[in-house]
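Participant: Heads up: the sequence shown runs through residues 854 to 1052, numbered per the numbering used here. All residues carry an ideal CB built from backbone N, CA and C; glycine is no exception.
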Amino acid sequence: MTVIKDGSGTNLLARVDNQNRLHIASIDTSEPSHVSIHDHLTFATIGTTTITASTEKTVILLINNTASTHTLAIDLLRISLQGETGKPATFKSLIGRTTYSSGGVAKTPVNLYANSTNVLDVSVYDNSTNDLVIGGSDSQIQQAFLESTTTYDTNFNSTVILPPNSSFRVTVTGDATAAGTKIAFARVLYFDVDETLHH
């Protein structure tokens, strides 16, 4: 995002002098940074889960946009796995109209502007201790096969859009032959895209 300001130092957006010359200076920031600085509406959420061998589950994180007006943009997804070498886990990112039904653990998103009290109408759940039951339909947008202990980043560049009453979730399935358990977590960075458009 580029903000154009008066290049003569008055902090105005732009200025034309008496010789019809335009004075500007530009400042480039990322969209999440811009929204965080001006509106305090950029958030990070972390969900965790335990994968049991031979069990096909589980939702690491479910983000529901329950707002009637706000539109969200997903900027970054980071997935980490503590696993057994050679025993892969399959991660999937899904987007759609999936809705929360029951179970899991409610999560509190962290506002990335320190000490801000601003919030969005978003419900977030993981299933670190309980199964997470969901309803509705969604579509897969990403899949990765990870082995051993590793971290996997996806920069969506704010292209994953969640209008009101839509959702984003991350799931993982452990290798059926893996011994013991695998611990996984997903971190998602998101912000209110409507606030970007207002500036």
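Is the CB-CB distance between residue 903 and residue 913 below 8 Å?
Facilitator: The residue labelled residue 903 in the question sits at position 50 within the sequence shown. The residue labelled residue 913 in the question sits at position 60 within the sequence shown. No, they are not a contact pair.
Participant: Please report the distance separating the alpha-carbon of residue 972 from that of residue 1034.
Facilitator: Counted from its first residue, the sequence shown places residue 972 at position 119. Counted from its first residue, the sequence shown places residue 1034 at position 181. Distance between the alpha carbons of residue 972 and residue 1034: 35 Å.
Participant: Name the residue from 919, 893, 937, 956 whose alpha carbon lies nearest to the alpha carbon of residue 963.
Facilitator: As a working note, residue 963 is residue 110 in the sequence shown. That would be 893, whose Cα lies nearest to the Cα of residue 963.
Participant: Less than 8 Å between the beta carbons of residue 944 and residue 985, yes or no?
Facilitator: Here the question's residue 944 lines up with position 91 in the sequence shown. Here the question's residue 985 lines up with position 132 in the sequence shown. For residue 944 and residue 985, no; Cβs fall outside 8 Å.
Participant: Would you mind giving the Cβ-Cβ distance between residue 919 and residue 869, rounded to the nearest angstrom? I have them listed as a contact below 8 Å.
Facilitator: On the sequence shown, position 66 is the one that residue 919 refers to. On the sequence shown, position 16 is the one that residue 869 refers to. That belief does not hold up - the Cβ atoms of residue 919 and residue 869 are roughly 46 Å apart, past 8 Å.
Participant: With residue 888 as the anchor, note down where its beta strand (DSSP E) starts and where it stops.
Facilitator: The residue labelled residue 888 in the question sits at position 35 within the sequence shown. Segment 884-892 is the alpha helix (DSSP H) holding residue 888; no beta strand (DSSP E) there.
Participant: The beta strand (DSSP E) with residue 992 in it runs from where to where?
Facilitator: The count along the sequence shown starts at 1 and reaches residue 992 at position 139. Where residue 992 is concerned, the enclosing beta strand (DSSP E) stretches over 991-999.
Participant: Looking at the structure shown, is residue 881 part of a helix, part of a strand, or coil, going by DSSP?
Facilitator: Here the question's residue 881 lines up with position 28 in the sequence shown. Reduced to three states, the DSSP call for residue 881 is strand.
Participant: Rounding to the nearest angstrom, what Cα-Cα distance links residue 980 and residue 887 in this structure?
Facilitator: Taking the sequence shown and counting its residues from 1, the one referred to as residue 980 is at position 127. Taking the sequence shown and counting its residues from 1, the one referred to as residue 887 is at position 34. Approximately 32 Å, taken between the alpha carbons.
Participant: I'd like to know whether the C-beta atoms of residue 928 and residue 1010 end up nearer to each other than 8 Å.
Facilitator: Position 75 of the sequence shown, counted from the first residue, corresponds to residue 928. Position 157 of the sequence shown, counted from the first residue, corresponds to residue 1010. It is a contact, given that the beta carbons lie within the stated cut-off.
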